[in-house]
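Here's the structure we're looking at; comments come further down.
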Amino acid sequence: MELTREEVLKHITAAEEAYTQRLHHQLESHIVVIQENFDALGAQDQAICIRFYRLYMRFLTLFEAVDVATMQTYLEALENEGVVEASDYELICSFYHKCPQELYEKALMAYSYNETLHLHYALKLKHEQRFEEAVEVLKYVLECYPGATEVRFLLWEIEQEYLDELCHTEQEVDATALLDLASATHNTTVLKGLELDPRLSKAEGYHVQIQLAIWQNRSVAVRDQWRAEWKFVELATKTRNLLADYAKAFMMYDMVAEVLSFPEAPEFPAEDFNDFSDYSDYMQALTHAGWQRAQHHYLLIGKSCYFYSKDLKKMAYCLQQGLELHPKNPLLLELKGKFFFFQAEYPQAAEAFNEAFRQGLSATDYLQTMMDLNDRVNDPKAILQVVNQFHQRHFPNAKSTCFRGIALLKLGLVAEALSVFNEGIEDYQQSAFHAWMYYWRAVIHRKNKNYELFFQDIEREVQFYELGSSDYCNSMNLSMEVLFEMGDYEKCYQYACYCHEQGRLDPELYPVFQWLCFYDFKENPEGLRPASEGDLVPDPETYIDYRNNGLVYWIIGNEAAAAKSLVVAAQNSPDAGVYYKLAFSASREALDDHQLSLDIYEEIKAQVPEARIWEVDHPYPALLSAAKHHEQATAACLNLIASYPYRAFFDYPRDINYLAQALKKSAQGAENMTDFIRYSAMLLSTENPEENHLKEQHQMVKDFFKDQLFLRHNLLEAASRFEQPLEAVEAQDLAHLKSRLIATYFS
2 MELTREEVLK HITAAEEAYT QRLHHQLESH IVVIQENFDA LGAQDQAICI RFYRLYMRFL
62 TLFEAVDVAT MQTYLEALEN EGVVEASDYE LICSFYHKCP QELYEKALMA YSYNETLHLH
122 YALKLKHEQR FEEAVEVLKY VLECYPGATE VRFLLWEIEQ EYLDELCHTE QEVDATALLD
182 LASATHNTTV LKGLELDPRL SKAEGYHVQI QLAIWQNRSV AVRDQWRAEW KFVELATKTR
242 NLLADYAKAF MMYDMVAEVL SFPEAPEFPA EDFNDFSDYS DYMQALTHAG WQRAQHHYLL
302 IGKSCYFYSK DLKKMAYCLQ QGLELHPKNP LLLELKGKFF FFQAEYPQAA EAFNEAFRQG
362 LSATDYLQTM MDLNDRVNDP KAILQVVNQF HQRHFPNAKS TCFRGIALLK LGLVAEALSV
422 FNEGIEDYQQ SAFHAWMYYW RAVIHRKNKN YELFFQDIER EVQFYELGSS DYCNSMNLSM
482 EVLFEMGDYE KCYQYACYCH EQGRLDPELY PVFQWLCFYD FKENPEGLRP ASEGDLVPDP
542 ETYIDYRNNG LVYWIIGNEA AAAKSLVVAA QNSPDAGVYY KLAFSASREA LDDHQLSLDI
602 YEEIKAQVPE ARIWEVDHPY PALLSAAKHH EQATAACLNL IASYPYRAFF DYPRDINYLA
662 QALKKSAQGA ENMTDFIRYS AMLLSTENPE ENHLKEQHQM VKDFFKDQLF LRHNLLEAAS
722 RFEQPLEAVE AQDLAHLKSR LIATYFS
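Residue numbering for the sequence shown follows the numbering used here, beginning at 2 and increasing consecutively.
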């Protein structure tokens with residue numbers, strides 16, 4: 002039964018749907034019906050016919066024995082209609098075991114930059130053991146698409162097979178061809194066999210020697226041999242390329258700068274081929290034109306500038322010349338982003354990185370680069386977003402884990418960040434990012450006041466750095482800050498001296514260093530001048546500014562201003578207690594302003610009660626007494642004894658004398674004679690009472706208990722035994738008392 006045109010159209014649509022859903026049995030039944038009723042389509046159905054030709058070609062690929070001849074018939078129909086596309090050639094050329102040579106020649110000349118077609122052709126040449134031609138085709142593809150990793154793998158496989166064939170042939174083989182293949186496949190066995198081959202030139206002999214050294218020796222030994230020997234001999238261009246790539250692989254960018262010079266401009270062949278022989282010549286000429294090699298050289302020299310010499314002018318020239326050769330080269334575009342990144346031009350850097358990604362930069366490289374960028378602009382939310390995208394495409398690594406921890410810490414998620422750093426340090430092999438993780442974990446320990454763990458992690462971190470390097474001293478600066486906050490001024494001074502000697506002490510820590518010398522009576526190290534008013538920050542903003550101003554004020558003798566500035570530092574610092582205690586110490590040296598000290602003490606009690614230790618509470622009663630708040634002073638002193646009983650009575654028993662003296666003065670100021678006498682007696686009850694206490698007691702007895710002659714006599718007699726003689730009035734009073742006692746009781 003014949004079908005109408007509309008019915009045939011429905012079958013074609015259904016067949017396309019069945020092919021998409023892989024319903025092969027249904028597809029075959031539709032194809033049979035369409036073939037039997039194909040004449041129902043008219044001349045106006047050209048587009049419908051083309052759809053069927055392409056569908057039928059794809060239908061033929063489903064059979065175990067593919068009928069390439071029939072596929073070619075349908076391909077010719079598409080050619081006759083003038084609608085053949087690259088994908089049509091790709092389909093039939095993928096069957097490289099059966100597809101004829103002439104079809105590849107037609108397809109490649111029509112689509113000279115089609116990576117897939119050239120890859121299929123290389124597979125055909127490999128299958129037919131036409132290895133030399135296959136190598137040239139794949140090198141041409143890599144010239145056009147240097148990021149085609151699967152092509153690079155196939156090239157290595159074919160070169161290995163080709164080398165194996167040449168090594169087992171009975172005919173004489175060109176030594177240079179063997180050298181090139183052995184170098185490309187890293188075949189040390191063949192290279193060793195070529196070491197003494199007299200057919201090789203002197204430059205080729207060096208190439209063999211250098212290849213073997215690279216694959217057998219450590220990177221440091223290779224660099225030393227380059228500088229001691231190879232640098233002074235005539236090397237072939239390919240040998241210099243080899244050394245430059247090797248140096249780059251081991252991040253020895255100083256060596257890259259020594260090995261490479263600017264490349265010559267490539268000579269592009271004309272695209273005027275008329276037959277496949279001309280096209281083969283064109284592919285070979287483009288491969289050897291130096292187009293990719295020049296781009297690669299500019300990239301290596303530019304990276305050497307970025308990582309080693311910091312020569313931005315040279316780096317800019319490399320980017321300009323390299324991108325003129327290929328404006329869409331993703332690696333050069335990435336380097337362009339790093340050029341802007343290095344100069345803190347972050348919007349331009351982001352634009353360049355994004356363009357590199359659009360042009361083929363791997364997602365792994367792009368996302369890891371964006372981690373660096375977002376870290377530099379201090380955007381932890383963006384860092385987390387990039388890390389999450391990276392982990393969707395790639396297993397977590399030390400870098401992504403490190404940046405995740407940093408972002409969490411900056412977002413205030415301290416416990417989560419600590420967990421991430423712990424995991425990263427334990428789960429990955431030691432790398433530069435472990436130094437970062439140790440550093441940031443130490444920051445968390447500092448925040449948690451786990452100072453023992455802090456110094457353990459700093460010690461682990463600095464093992465990654467050279468002594469005196471900027472990274473090493475950066476951690477020493479951090480340690481100095483922690484020691485300052487701990488109150489370990491002696492060790493803090495030692496760290497400060499070290500960083501100062503290296504010329505790497507953080508400028509913000511110089512006021513701390515100057516204060517340490519002033520406070521602990523240290524001699525200023527060479528090059529450290531005393532602080533002056535000129536060191537004050539005119540418009541302080543951060544707690545560091547206020548801290549430094551407070552220390553400078555302290556040094557130049559304005560203790561009240563120092564205390565006030567340190568209070569502001571405390572109010573804005575993550576460790577307020579440290580700076581409140583310093584402010585309290587400074588205020589007590591402002592002897593004419595007791596109220597300032599009292600105000601600071603009250604703020605300590607309200608804001609950071611955990612900072613109240615003996616050294617803070619101990620001066621408080623005396624301050625109250627000096628401010629004539631006698632009853633409060635008495636209460637504060639009794640509270641001090643109750644708060645630190647072991648300190649007062651056992652650890653430091655002499656402190657009780659100070660406390661009794663404070664209580665006595667408070668009682669005297671409050672005119673509480675009962676307490677005054679009680680605390681005076683306490684002071685006199687010691688084995689060796691102080692002279693001033695004896696004299697004070699004598700004056701009190703003289704004023705209020707004139708008739709206590711023996712008491713008055715004994716007090717003055719005891720005072721007279723000190724090295725300091727009694728004053729004339731006191732000596733006269735003692736003599737008078739002795740006379741009265743004799744006359745009254747012993748005459």
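Note that beta-carbon positions come from the ideal geometry of N, C-alpha and C, so glycine has one too.
Distance, Cα to Cα, residue i vs residue j?
i, j, result
"Phe233", "Ala295", "24 Å"
"Phe552", "Asp536", "Looking at the sequence shown, residue 552 is not Phe but Leu. Using only the alpha carbons, I get a separation of about 10 Å."
"Ile605", "Val730", "48 Å"
"Leu192", "Val378", "50 Å"
"Asp656", "His631", "Its pLDDT being 47, under 50, Asp656 is placed unreliably in this model, and the value from its coordinates should be taken loosely. Roughly 20 Å between the two C-alpha positions."
"Arg200", "Gly206", "9 Å"
"Trp615", "Gly406", "38 Å"
"Ile384", "Asn275", "54 Å"
"Ala732", "Thr635", "34 Å"
"Ser184", "Gln212", "7 Å"
"Lys450", "Val609", "15 Å"
"Lys411", "Phe404", "11 Å"
"Ser667", "Ser721", "27 Å"
"Arg52", "Ala66", "23 Å"
"Lys249", "Glu235", "21 Å"
"Asn423", "Trp437", "12 Å"
"Ser310", "Ser278", "47 Å"
"Leu583", "Asn573", "14 Å"
"Pro654", "Cys638", "Reliability fails at Pro654, whose pLDDT of 47 lies under 50, so the model's placement of it is uncertain and the value that follows must be treated cautiously. Straight-line Cα distance between these residues: approximately 15 Å."
"Glu462", "Lys339", "26 Å"
"Gln210", "Glu160", "21 Å"
Just to confirm, is the Cβ distance from residue i to residue j under 9 Å?
i, j, result
"Pro264", "Tyr299", "yes"
"Met252", "Phe308", "yes"
"Gln246", "Leu179", "The displayed chain sequence assigns Asp, not Gln, to residue 246. No, they are not a contact pair."
"Phe358", "Ala350", "no"
"Pro267", "Ala237", "no"
"Tyr283", "Pro270", "yes"
"Ile426", "Tyr439", "yes"
"Leu182", "Leu197", "no"
"Leu126", "Leu118", "no"
Does the Cβ of residue i have 16 or more other Cβ atoms within 10 Å, making it buried, or fewer, making it exposed?
i, result
"Arg741", "exposed"
"Glu88", "Reading the sequence as shown, one finds Ser at residue 88 and not Glu. Label assigned to Ser88: exposed."
"Arg23", "exposed"
"Ser420", "exposed"
"Asp175", "exposed"
"Tyr547", "buried"
"Ala418", "buried"
"Ser586", "buried"
"Gly558", "exposed"
"Asp458", "buried"
"Ile445", "buried"
"Val33", "exposed"
"Ile743", "exposed"
"Phe154", "exposed"
"Pro531", "exposed"
"Arg447", "buried"
"Lys382", "exposed"
"Leu76", "buried"
Where does the unbroken alpha helix (DSSP H) through residue i begin, and where does it stop?
i, result
"Asn115", "Unbroken run through Asn115: none, as it is neither H nor E."
"Tyr247", "Thr238 to Ala250"
"Val538", "Here Val538 belongs to no alpha helix (DSSP H), and DSSP marks it neither H nor E."
"Phe132", "Phe132 to Cys145"
"Asn525", "Segment: none, Asn525 is in no alpha helix (DSSP H) and carries neither H nor E."
"Tyr645", "Taken as a continuous stretch (DSSP letters only), Tyr645 belongs to no alpha helix (DSSP H), as it is neither H nor E."
"Tyr347", "Tyr347 to Arg359"
"Arg52", "Gln47 to Leu61"
Exercise. Do the segment 461-480 and the segment 498-517 make contact, defined as three or more Cβ pairs closer than 8 Å?
Worked result: Yes, since at least three Cβ pairs between the segment 461-480 and the segment 498-517 fall closer than 8 Å, the two stretches touch.
Exercise. Per the contact definition of three or more C-beta pairs closer than 8 Å, is the segment 491-501 in contact with the segment 522-529?
Worked result: Proximity of the segment 522-529 to the segment 491-501 meets the contact definition, three or more beta-carbon pairs being nearer than 8 Å.
Problem set entry | Contact the segment 490-497 vs the segment 458-472: 3+ CB pairs below 8 Å | The segment 490-497 is not in contact with the segment 458-472.
Exercise. Touch check for the segment 430-440 and the segment 383-397: three-plus C-beta pairs under 8 Å?
Worked result: Not touching, per the Cβ criterion.
Problem set entry | Contact the segment 21-40 vs the segment 71-90: 3+ CB pairs below 8 Å | No, they do not touch.
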